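Protein sequences appear in the order of chains A and B. Residues 407 to 1031 (this note's numbering) make up the first sequence, in order. Residues 1274 to 1652 (this note's numbering) make up the second sequence, in order. Even glycine gets a Cβ: it sits at the ideal position worked out from N, Cα and C. These numbers were taken from a predicted model, which means no experiment stands behind them. Here the structure is laid out as structure tokens; the discussion comes afterwards.
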Amino acid sequence: MATAELTHTAHAHEDEHEHHELGFIQKYVFSEDHKTIAKQYLITGILWAFIGGLLSILFRLQLGFPDMDMGWLRPLLGGWINESNKINPDFYLALVTMHGTIMVFFVLTAGLSGTFSNFLIPLQVGARDMASGFLNMLSYWFFFASSVIMFASLFVETGPAGGGWVVYPPLSALPQAAPGSAFGLTLWLVSMALFIVSQLLGGINYVTTVINLRTRGMSFSKLPLTVWAFFFTAVLGLLSFPVLFSAVLLLIFDRMLGTSFYLSEIYVNGEALPNVGGSAILYQHLFWFLGHPEVYIVLLPALGITSEIIATNSRKPIFGYRAMIGSMMGITLLAFIVWAHHMFVTGMNPFLGSVFMFLTLIIAVPSAVKAFNYITTLWKGNIVFTPAMLFSIGLVSFFISGGLTGIILGNSALDIQLHDTYFVVAHFHLVMGSASFFGLMAGVYHWFPKMFGRMMNEKLGYIHFWLTFVGIYCVFFPMHYIGIAGFPRRYYSFTTYDATNSFSDLNVFISVAAILTFSSQALFAWNFFYSIFRGKRAPQNPWHSNTLEWTAPIHPEHGNWPGAIPAVYRWPYDYSKPGAKQDFIPQNIPYSATPESNLPHENEQIPMEKEIDALLDSQNEVYKH
Amino acid sequence: MVYLVGIVAVLFLVLTFVVLARIMRLAKGINPTGDNDGTQNPYMHPTGMSNKLNAFLMLAFPIVGTIAATWSFVQASNRFLPEAASEHGVLTDNMFWISMGIITLAFFITNMLLFVFAWRYQYRADRKAVFYPVNHKLEIIWTVIPAVVMAVLVFTGWRVWRDITAQAPENAYVIELVGKQFNWYARYPGKDDGKLGNYNYRLIEPTNETGIDFSDEASFDDFTATQLHIPKGVPVLLKIRARDVLHSVFLPHLRVKMDAVPGMPTKFWFVATKTTEEMRNETGNPEFNYQLNCTEVCGQGHFSMRMAMVVEEEEEYKAWLASNKSDLTNNPQYLSRVPANLKARAMKYIEAAPAAEPAPAAADSTATASVATASASLK
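See the structure below:
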């Protein structure tokens, strides 16, 4: 450390302008500090996760205990419990719709990528803040406005949106077709439009910051995998969210201005509508052009976070750093050209189906490489099971288990039978829902000390992990069986599908497991909020990690480093290097300071350190406006 | 059951808070140590039992999990769908179980390695991790293996898909399925010409649920039913459409699924191989009936939007077709929509002598005109 500190002191007081005190509003509410914005995203995301989870518990009650007297829910749900004390079927659809929307967009997109891209990109690439703090602030407040509208839609008299989270027209375009397509859906569309604006503002910032504001010496080949993952995620979002925006906009036109983008030859409620020439399938193409990349938008950040945590806690370099980047790049590219595998049985040209099947199954290759690399990173490590590490290992297990069934669903011939059954529900909840959720949890446990300067309680973390991990497998593993038996999703009741074999015992089991899993999240909520105020004080670098954020003060001010930003001389994964004194060498330690552990090609880089140091002045120029 | 869940939930909550309280008390006693002063960091050098316990659970989980997974699979397997009752269904079922075999193998190998490594390489103060950042040979091997397996799966899957989605044979029986909130109609081409007549969504009314256009000669013998009859052993082509919102035709036992889209007719053809009777014998369930379910969310009644279905021998099917009166016969007032040059042929389907009073000429021409406009605008 000593060498690094020496180079810094000379420039320690160059950033005086960063230190003026901000008022409460500017510091905590309309903050332009990426760290505060990240925490805003995180806490909003956690609140949404509990709402989204609660909705799923409500419909699990209906599925597990169809005969239950739901009268006791009337204080919460009011008129949505009908006279016979059952959940109203329209409201059931609203529940699954809102659960999906909230979890996919508000928790796993905003809550995950919004939190960690914001928090980690500047700290890990060595920047004082995002490229534009103002746009970053706008990004959060657009998300906030979007959240408020989505939340308000839960209280509309005709109920929130109810056509599934994909809101396919014509159902979603015809308010007369279902209560869930009335005002609640208008709010849904407005909220999503704002959400997309928020994502674009955020994404532009992430990409710009990674490209332009890396500290001296931080070449792309020295970026931590987290930053690579956030970078690819932002690119995916920037290119695909606008397409969803167009889909949403055209749907708004169809609903409000009488256009016929998605409507043709419709006879509803005793009336033939004048619209002809539109295509309902067009919406599905536009939707899934975002919808599929969206899967990777929620998954890639989780994979990036996991890469970092597994390497740190195995005390080993991540295996195949370049292959990891390569496979993420492959996944990013392929993510754009597999969307129609959601549409094999929509009547799309079967030849297109063949093409999309081929492209879809290719994506299994980079995914498999990632899984193998994680496993090899554990091999001959010296593994410390922090809660973050446990959640990361859990993520890899979910990623494998859920990913493998994708090989079946990506096969168009097999998809005929399994499409829209519980097999699909089980598949994507494991690979995308649970895996990404575990990425979020792993990230929170790992970077909590950096965020709040305190530690979360580890033992509670262990209990939280094991209950959640076992619980999630108990929920989603048996769900495959129900899917193989052909049971369609989004069914209010199964007796109409098969009166003699409605899997009622298994559905009870799944519902109980879901309730217990959801309840155990209370441990996390307690641990999180308690530790913010009362947790043990965090040491400078609790996980002995190599990345730059741990060189910043325990409570970083706006600007992150009080003196000069540290330079970077090596990759982030020098763990347990033979010959080294410690089992980690942070990125800001030059090779000239570690002759005992340098590999031959690293010794050759020592002369270049002067060039890196010489960049300090021009780097400081960047921050002088 | 409800009470049981309630009790378990309450118990769980109480336990939670007991544990919380205990842990908080214990935690207070532990002094956080900074590690900048050279003392060992407690987080990366765990000394207590926790790390060992977590490592043990990493091993216990896959063992218990494997037993639970195997047991539950065996328990559930007798309730999986009965054997496929269509020609292509047998192919896709075989491919499904072969693919399942491959992924189950991969599932166990990779998960086992993950958990066993986690347990085996748990932290020990006297050990150092191996610095092993890359091995290109290994990476190439495990890129190529999944790529080859995928290639084989894609190729076999594509061949089956190509055959399933190929053009229906010329001799296929055509049946039209029309979905609406929240039931299905099947329109059969009738016993005489075997062809479905035109339709137009603007002609839909309570007596003409599928919007049959009676100005088309082929529609005279068409009839609409609320039960789906399918002949066994011959190709059947389903022509599928929807009136209002998306629906999806799902014949679980025949392994058939295709969306019904307003404004965009879709199709699916197949050969059924087992009659309802044969299925009853095979499943040992005298109550067995085939059915059609909706699998695209369509509103409140989505979950109960189904249609009874019968698979029968070809002769029985023909006899059933013949036993149904055409929609024109049931609704003779539509004779007024038939153009003058086809009236004579249409009269064949009008029962009992008093051929309904020919409608006033004015009304007749309006109806035809509006249909013409509608068809024109469709094009």
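Contacts around A444/A, its chain only, beta-carbon distance under 6 Å, and the 5 residues preceding and following it disregarded = Position 38 of the first sequence, counted from the start, is the residue given in the question as residue 444/A. Taken in chain order, the residues that qualify are T521, N524 and F525.
message = Using a 10 Å radius around the Cβ and a threshold of 16 neighbouring Cβ atoms, would you call S625/A buried or exposed?
response = For the purposes of this step, residue 625/A is taken as the residue at position 219 of the first sequence. S625/A is exposed by the Cβ-count criterion.
inquiry  = Could you check whether the Cβ of I1448/B sits closer than 7 Å to any Cβ belonging to chain A?
reply    = In the second sequence, counting from the first residue as 1, residue 1448/B sits at position 175. Closer than 7 Å to the CB of I1448/B there is not a single CB belonging to chain A.
query = Quick check: the stretch 542–553 of chain A against the stretch 880–889 of chain A, are there 3 or more CB pairs under 8 Å?
reply = Fewer than three Cβ pairs drawn from the stretch 542–553 of chain A and the stretch 880–889 of chain A lie within less than 8 Å of each other, which leaves the two stretches out of contact.
task = Can you grab the Cα-Cα spacing for the pair S926/A / V876/A, in whole Å?
result = Looking up residue 926/A in the first sequence gives position 520. Looking up residue 876/A in the first sequence gives position 470. Going by the C-alpha atoms only, they are around 11 Å apart.
request  = Please list the partners that T1483/B has in chain A, where partner means a Cβ-to-Cβ separation under 8 Å.
outcome  = To locate residue 1483/B, count along the second sequence from 1; it is residue 210. Within 8 Å Cβ-Cβ: nothing; T1483/B doesn't reach chain A, min ~10 Å.
message = Just checking S798/A against the ligand NAD - is the residue's beta carbon closer than 6 Å to any of the ligand's heavy atoms?
response = The ligand NAD is absent from the structure shown, which contains no ligand whatsoever.
ask   = Can you tell which of G726/A, I799/A and T792/A has the C-alpha that lies nearest to the C-alpha of I1413/B?
value = Indexing the second sequence from 1 puts residue 1413/B at position 140. When C-alpha distances from I1413/B are compared across G726/A, I799/A and T792/A, the shortest belongs to G726/A.
Backbone CA spacing between G477/A and Y498/A [nearest angstrom] = If you number the first sequence from 1, residue 477/A lands on position 71. If you number the first sequence from 1, residue 498/A lands on position 92. Roughly 15 Å between the two C-alpha positions.
ask   = Comparing the C-beta of I1012/A with each C-beta of chain B, is any distance below 7 Å?
value = The sequence position of residue 1012/A within the first sequence is 606, counting from 1. For I1012/A, no CB of chain B lies under 7 Å from its own CB, so it is not counted at the interface with that chain.
message = Three or more C-beta pairs under 8 Å: does that hold for the stretch 1577–1597 of chain B against the stretch 579–595 of chain A?
response = With contact defined as three or more Cβ pairs closer than 8 Å, the stretch 1577–1597 of chain B and the stretch 579–595 of chain A are not in contact.
task = Leaving out five residues on either side along the sequence, give the residues of the same chain with a beta carbon under 8 Å from the beta carbon of F540/A.
result = Working through the first sequence from its first residue, we reach residue 540/A at position 134. Answer for F540/A: E438, listed in chain order.
request  = Report yes if the C-beta distance between G1536/B and S670/A is below 7 Å; otherwise report no.
outcome  = Position 263 of the second sequence, counting from 1, holds the residue named residue 1536/B. Position 264 of the first sequence, counting from 1, holds the residue named residue 670/A. The criterion of a C-beta distance shorter than 7 Å is satisfied by G1536/B and S670/A.
key: Any chain E beta carbon closer than 7 Å to P984/A   = Within the model displayed, chain E is absent; protein chains A and B are what it includes.
CB contact below 7 Å: E1412/B versus chain A = Taking the second sequence and counting its residues from 1, the one referred to as residue 1412/B is at position 139. Answer yes: the Cβ-Cβ gap between E1412/B and chain A drops below 7 Å somewhere.
message = Contact defined as beta carbons within less than 8 Å: I believe A893/A pairs with T957/A. What is the distance between those atoms, to the nearest angstrom?
response = Sequence index remark: in the first sequence, residue 893/A carries index 487 (1-based). Sequence index remark: in the first sequence, residue 957/A carries index 551 (1-based). In the sequence on display, residue 893/A carries Phe and not Ala. Incorrect: roughly 53 Å between the Cβ atoms, too far for contact.
message = Contact between the stretch 1013–1027 of chain A and the stretch 649–668 of chain A is defined here as three or more beta-carbon pairs at a separation below 8 Å; is this criterion met?
response = They do not touch, by the three-pair rule.
ask   = Do the CB positions of F930/A and H870/A come within less than 7 Å of each other?
value = On the first sequence, position 524 is the one that residue 930/A refers to. On the first sequence, position 464 is the one that residue 870/A refers to. In this structure, F930/A lies near H870/A, with their beta-carbon atoms less than 7 Å apart.
request  = Step through the CB atoms of chain A and report whether any lies within less than 7 Å of the CB of Y1474/B.
outcome  = Counting from 1 along the second sequence, the entry for residue 1474/B is found at position 201. Closer than 7 Å to some Cβ of chain A, the Cβ of Y1474/B qualifies, so yes.
query = Can you give the Cα-Cα distance for I1280/B and F465/A, rounded to whole angstroms?
reply = Along the second sequence, read from residue 1 onward, the residue named residue 1280/B stands at position 7. Along the first sequence, read from residue 1 onward, the residue named residue 465/A stands at position 59. Between the C-alpha atoms of I1280/B and F465/A there is a straight-line separation of about 20 Å.
task = Give the straight-line distance between the Cα atoms of V1291/B and L866/A, rounded to the nearest whole angstrom.
result = On the second sequence, position 18 is the one that residue 1291/B refers to. On the first sequence, position 460 is the one that residue 866/A refers to. Going from the Cα of V1291/B to the Cα of L866/A covers about 12 Å.
inquiry  = What does the alpha-carbon distance come out to for the pair A813/A and L1386/B?
reply    = Your numbering for residue 813/A matches position 407 in the first sequence. Your numbering for residue 1386/B matches position 113 in the second sequence. The residue you asked about is not Ala; residue 813/A is Ile in the sequence shown. Near 21 Å, if we compare the C-alpha coordinates of L1386/B and I813/A.
ask   = So what does L1511/B bridge to, in DSSP terms?
value = Mapped onto the second sequence, residue 1511/B falls at position 238. In DSSP, L1511/B forms a bridge with I1448/B and F1541/B.
message = So for A1585/B, helix, strand or coil by DSSP?
response = As a first step, residue 1585/B must be located in the second sequence, where it is residue number 312. Checking the sequence, you will find Glu at residue 1585/B rather than Ala. If DSSP states are grouped into helix, strand and coil, E1585/B belongs with the strands.
query = Taking DSSP as the reference, what is the three-state secondary structure of S1359/B?
reply = Numbered from its first residue, the second sequence carries residue 1359/B at position 86. Reduced to three states, the DSSP call for S1359/B is strand.
ask   = Got a sec: is the Cβ-Cβ distance from P566/A to anything in chain B below 7 Å?
value = As a first step, residue 566/A must be located in the first sequence, where it is residue number 160. It does not: the Cβ of P566/A has no partner Cβ on chain B nearer than 7 Å.
task = Answer with buried or exposed for A1626/B, where buried requires no fewer than 16 other C-beta atoms within 10 angstroms of its C-beta.
result = Numbered from 1 along the second sequence, position 353 holds the residue referred to as residue 1626/B. Residue confidence for A1626/B is low, a pLDDT of 49 falling below 50, so the modelled location carries little weight; the figure read from the coordinates is stated next. By the 10 Å Cβ count, A1626/B comes out exposed.
key: W949/A in three-state terms, based on DSSP   = The count along the first sequence starts at 1 and reaches residue 949/A at position 543. In the displayed model, W949/A falls within coil according to three-state DSSP, outside both helix and strand.
request  = For A747/A, collect the residues of the same chain with a Cβ closer than 6 Å to its Cβ; drop the 5 residues on either side in sequence, then sort them by chain order.
outcome  = Position 341 of the first sequence, counted from the start, is the residue given in the question as residue 747/A. Looking at the sequence itself, residue 747/A is His, so the reference to Ala does not match. Within its own chain, the residues whose Cβ lies closer than 6 Å to the Cβ of H747/A, once the five positions on either side in sequence are excluded, are F762, T766 and G816, listed in chain order.
key: Chain-ordered chain A contacts of M1552/B [CB-CB under 9 Å]   = Translated into positions along the second sequence, residue 1552/B becomes position 279. Listed by position along chain A, the residues whose Cβ is nearer than 9 Å to that of M1552/B form an empty set, because the closest Cβ is around 13 Å away.
inquiry  = With distance defined between alpha-carbon atoms, name the residue in R1400/B, A1533/B, L1510/B and T1438/B nearest to H1520/B.
reply    = Against the second sequence, residue 1520/B aligns to sequence position 247. Of the listed residues, the one whose Cα sits closest to H1520/B is A1533/B.
key: Proximal residues, the stretch 1581–1600 of chain B versus chain A, C-beta separation under 8 Å   = None of the residues of the stretch 1581–1600 of chain B has a beta carbon lying less than 8 Å from any beta carbon of chain A.
task = Measure the alpha-carbon distance for S666/A versus L1469/B and round it to whole angstroms.
result = Counting from one through the first sequence, the residue named residue 666/A turns up at place 260. Counting from one through the second sequence, the residue named residue 1469/B turns up at place 196. About 28 Å.
inquiry  = Taking the alpha carbon of T1678/B as the reference point, which residue from I743/A, V751/A and V572/A has its own alpha carbon closest?
reply    = Residue 1678/B is absent from the structure shown; chain B starts at 1274 and stops at 1652.
inquiry  = For I806/A, which residues in the same chain have their Cβ closer than 6 Å to its Cβ, ignoring the five residues on either side in sequence?
reply    = Residue numbering aside, residue 806/A sits at position 400 when the first sequence is read from its first letter. Hits under 6 Å: A777.
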